[in-house]
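Residue numbers (UniProt numbering): 1 to 698.
Quick notes on the structure that follows.
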Amino acid sequence: MIKKLSRLLLGLILLSIVAGVILLMSVNTDQNKAAIQAAVLSSTGYELTIAGDMDITFFPSVGLTLNDVRLKNPASPQELASTTAALLQVDLRALIGGEIFIRELSANDFHINYYIDADGKSNWDVETPNFNNNTNSANPVTQSTQQQSNPIAADTNSNIVTVSFERLRIDNASIDIQDLSQGLRYSVNNLNLTSNNTNIEGNPFDVEVNFTFLNNGMTKPIAMGFRGDITADINAGNIDVENFSFNITPLLLQGDLHINGLNDAVTFDGSLSSNDFDVFGLLQTVGISESELDVTSSLFSIAEKPQASVAARFSGDELGIVIPELIAQLSESRIEAEAEIRFATNLSPANISYEVVSNQIDISPFLDSEAATDTSPVAGNGATVIRPNDAVISPSALATNTAIPIELLNSFNVLGSIAIESVVANDLLFTGINVFTNVEDGVLDIELQPVATFEGSVAGNLRVDGRSEVATFSTQLVISQLNLADLAPSVSRLNAVTGNLDVEVDLTATGKTTSEMMDSLNGSATFAITENSVDIGVIKQVFTAISALSPSGGTIEQWPDVIRFAELGGFILLNNGLSENQQLNLRMDNFDISGTGGIDMQQQNFDYDLQFSILGDPYLQTIQVDELYHDVSWPVECAAAFEDEVSQYCRPDFTRVREIFTQLGTNAIIDRLDEVISDQLPPEVSGGVRGLLRNLLN
């Protein structure tokens, strides 16, 4: 009996071996591949291509390996995804027990393409597949709608099949994302993901992923990484992420995240904090080019490597996010903030409120103290002098073709304030800084209350109205009693003047882009400088050139280099932009400059046709000249590049100057003859003689 049982058992084993061999030999048949591809197509609507071999194992676990796999949307010529090899190993004993325990799920060289065309259609969009050929096509849609509209029953999650992974592994994956409708393109490369004991039953497991990220505005990809300990209990609707870390050199963010109510009303809370990181190192990492950093190197001392850090707590739900505490540390300065974001609904746009407070912000560690210190010669009265051969460094050209975010302005409301007791930048001090911002119904308002600086104050407001297709811009700025001696080292064009500056600016503009707004600027800027002293080196240079054409010479060299004026002020009127049609006037006691012209910000130059005049009585005769030259308008052309030497800024129009001297000589002769005629001839004759002489001389 025992021998018979032994023979029977041996026969069953041999039969199993033969059956297994036959099954293994049939795995790579086209019939089996076609069956898998048909199943994927019917369930997802995507075409699966298995170009390589299929391998299957049964011991110690059931495993399936697919080589050279590609996924495609029948409606799109581009592949959706591909991988050189995908491995799935399932524990057979757990599967028999009603659980899915995946020993390993791995993929090599996994690639995904996500593409959105100009009309907003994705290459992943397919028609909803019909899962039951015997059912009316409307039924699945109806069923789905009913499932979405009905609340989830309390015991629904008891039907969730238990799925866990002993090992998840993805090596050298990549993702290409392109959105033509918004002009965006992103690339994720070298993505590697590993996770052990992954499950949704509430048992902790770890995840680690690293990759490089590149968008169409970056010069080189950014390396990023994430790891964390995760506990996911889907039945209870909770996910906890503890001890997570996200790194992007040199920044490391650490914290935790807790999500609850996945099956009902979702809520979340968490916290994060960073290490002390190099600010400029982070800017370089995220794609700020070296040339852009070089432009600011005269102000920002990268060698100092200023440090910063950030920490925050947050919570939220389906309605919005609350940030009760956000602390930023900039070197030795501390900034505290709080904010609340309410998501948009069908009845209202998103609402954002915030408050930023700081006692003192010292940005000196972020600045190059040597660049901030002007070593130009200083006149005896404290005025920093521009010599005729001094060059003025031109600022970089402004980008003026940025679209005004009209749609964005209408998508949310903002109410916030910034209060900073003082800001220190090397030797500069700003105190009492209070800024209020408000965005409501497409209108942005920014108000700056008076800020004390340079022994005076600065205040202003700005409005951008985006309620129509063409935005309207307006701004007012008031500067009161700024000490130019303190300001001059920071603004080189004020080096020749000292005193207390008052300015009032009122400008308006319209346009869809910043370029259109710059071209439509209208308004005025008026200014006055009290308790002043002015280095008139450039003015003397112009009049020295003019006097060289005078028959009698001139006394320009006797003018002092620095003059104090009882009255110094003027205005600039803008009419449709900066580039032309500007009207300007400068009055310094009896010296007057007026004219028209403009500034080309793109070409970094200016061009003005000016009239230099020395006025007679009743104006205070601070600049002394012969009465013959009173009220004469001398034509001067001021046209140069910003980077040119100051001595090249202005020059007389010598042709017209000669004509003026000729006319002045003629007028002098006529005046002298008038005196002689009046003295020598009777009145009834003198009138006719005067007319005859004028006709001859003119």
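Every residue, glycine too, gets a C-beta built ideally from N, C-alpha and C.
Inter-residue spacing [alpha-carbon to alpha-carbon] between residue i and residue j
{"i": "Cys638", "j": "Gln648", "result": "8 angstroms"}
{"i": "Phe205", "j": "Leu257", "result": "15 angstroms"}
{"i": "Ile660", "j": "Phe654", "result": "10 angstroms"}
{"i": "Thr662", "j": "Ile623", "result": "23 angstroms"}
{"i": "Ala173", "j": "Asn605", "result": "51 angstroms"}
{"i": "Pro450", "j": "Ala525", "result": "18 angstroms"}
{"i": "Ile234", "j": "Thr431", "result": "53 angstroms"}
{"i": "Arg651", "j": "Leu573", "result": "23 angstroms"}
{"i": "Thr530", "j": "Asn590", "result": "16 angstroms"}
{"i": "Leu64", "j": "Gly202", "result": "28 angstroms"}
{"i": "Glu318", "j": "Phe268", "result": "9 angstroms"}
{"i": "Thr555", "j": "Ser547", "result": "8 angstroms"}
{"i": "Ser364", "j": "Asn426", "result": "5 angstroms"}
{"i": "Ser358", "j": "Pro324", "result": "16 angstroms"}
{"i": "Phe571", "j": "Asp119", "result": "51 angstroms"}
{"i": "Ile259", "j": "Ala75", "result": "38 angstroms"}
{"i": "Ile327", "j": "Ser271", "result": "12 angstroms"}
{"i": "Phe58", "j": "Lys33", "result": "19 angstroms"}
{"i": "Asn346", "j": "Leu584", "result": "52 angstroms"}
{"i": "Ala237", "j": "Asn216", "result": "Note that residue 237 is Gly in the sequence shown, not Ala. About 38 angstroms."}
{"i": "Asn575", "j": "Ser480", "result": "25 angstroms"}
{"i": "Glu557", "j": "Ile563", "result": "14 angstroms"}
{"i": "Glu208", "j": "Phe244", "result": "10 angstroms"}
Cβ pair residue i, residue j closer than 7 angstroms
{"i": "Leu549", "j": "Val458", "result": "no"}
{"i": "Asn123", "j": "Gln78", "result": "yes"}
{"i": "Gly595", "j": "Leu615", "result": "no"}
{"i": "Arg70", "j": "Thr49", "result": "yes"}
{"i": "Asp502", "j": "Gln476", "result": "no"}
{"i": "Asn434", "j": "Leu415", "result": "no"}
{"i": "Phe211", "j": "Asn190", "result": "yes"}
{"i": "Ser176", "j": "Ile116", "result": "The sequence given here places Asp at residue 176; Ser does not occur at that position. Against a cut-off of 7 angstroms, the Cβ pair of Ile116 and Asp176 comes out as no contact."}
{"i": "Phe412", "j": "Ala350", "result": "yes"}
{"i": "Thr508", "j": "Asn522", "result": "yes"}
{"i": "Leu168", "j": "Leu87", "result": "no"}
{"i": "Leu482", "j": "Val497", "result": "no"}
{"i": "Glu447", "j": "Asn461", "result": "yes"}
{"i": "residue 706", "j": "Gly598", "result": "Residue 706 lies beyond the range of the chain shown here (1 to 698); nothing can be said about it."}
{"i": "Leu251", "j": "Ser273", "result": "no"}
{"i": "Asn192", "j": "Gly225", "result": "no"}
{"i": "Asp607", "j": "Ser579", "result": "no"}
{"i": "Ile36", "j": "Ala81", "result": "no"}
Own chain partners of residue i with C-beta closer than 8 angstroms, once the 5 adjacent residues on each side are dropped
{"i": "Ile361", "result": "Leu330, Ser333, Ile335, Ile420, Ser422, Val423 and Val424"}
{"i": "Thr510", "result": "Val470, Ala471, Thr472, Phe473, Glu516, Met517 and Ser520"}
{"i": "Gly442", "result": "Ile406, Leu409, Asn410, Asp465, Gly466 and Arg467"}
{"i": "residue 781", "result": "Past the boundaries of the shown model lies residue 781; the chain is included only from 1 to 698, so the question cannot be answered."}
Cβ shell of residue i (< 6 angstroms), same chain only, five flanking positions each side left out
{"i": "Ser164", "result": "Phe101 and Asn199"}
{"i": "Ile152", "result": "Residue placement at Ile152 cannot be trusted, given a pLDDT of 39 that sits under 50; the coordinates are not used to answer."}
{"i": "Glu242", "result": "Asp229 and Asp256"}
{"i": "Glu504", "result": "Val478 and Thr526"}
{"i": "Val279", "result": "Pro306 and Ala308"}
{"i": "Leu12", "result": "Residue confidence is low: Leu12 scores 39 on pLDDT, short of 50, so the model does not pin down where it sits. No coordinate-derived value is stated."}
{"i": "Asp240", "result": "Thr231 and His258"}
{"i": "Tyr186", "result": "Ile177 and Asn215"}
Neighbourhood of residue i by C-beta distance below 7 angstroms, restricted to the same chain and skipping five residues each side
{"i": "Ala528", "result": "Asp502, Leu568 and Gly569"}
{"i": "Tyr629", "result": "Ile614"}
{"i": "Ala403", "result": "Lys512 and Thr513"}
{"i": "Asp631", "result": "Ser613, Leu615 and Gly616"}
{"i": "Ala51", "result": "Asp68 and Arg70"}
{"i": "Asp486", "result": "Phe454 and Glu455"}
Contact belief for residue i with residue j at Cβ below 8 angstroms, rounded distance in angstroms
{"i": "Gln254", "j": "Phe277", "result": "12 angstroms between Cβ atoms; not a contact."}
{"i": "Ser353", "j": "Ala339", "result": "7 angstroms"}
{"i": "Ala107", "j": "Ile56", "result": "At roughly 17 angstroms, the Cβ-Cβ gap does not stay under 8 angstroms, so Ala107 and Ile56 are not in contact."}
{"i": "Val464", "j": "Leu408", "result": "Going by Cβ atoms, the distance from Val464 to Leu408 rounds to 11 angstroms, so no, they are not a contact pair."}
{"i": "Met588", "j": "Phe565", "result": "4 angstroms"}
{"i": "Gly316", "j": "Val310", "result": "So it is not a contact: roughly 19 angstroms between Cβ atoms."}
{"i": "Val62", "j": "Val40", "result": "With 8 angstroms as the limit, Val62 and Val40 do not qualify as a contact, their Cβ atoms being about 19 angstroms apart."}
Min CB distance residue i to chain B below 7 angstroms
{"i": "Glu208", "result": "In the displayed structure, chain B is absent; only one protein chain is listed."}
Could you tell me which whole beta strand (DSSP E) segments of length 3 or greater appear in the stretch 488-568? 497-511 and 522-535
Identify every run of the beta strand (DSSP E) within the stretch 561-649, keeping only runs that are complete inside it and at least 3 residues long; order them along the chain. 568-575, 582-588, 591-600, 605-614 and 633-641
What runs of the beta strand (DSSP E), each 3 residues or longer, lie entirely inside the stretch 225-288? 238-248, 251-260 and 267-274
Hey, which unbroken runs of the alpha helix (DSSP H) at 4 residues or more fall wholly within the stretch 40-101? 92-96
So within the stretch 326-371, which uninterrupted beta strand (DSSP E) runs reach at least 3 residues, ignoring any that extend past its ends? 333-342 and 350-362
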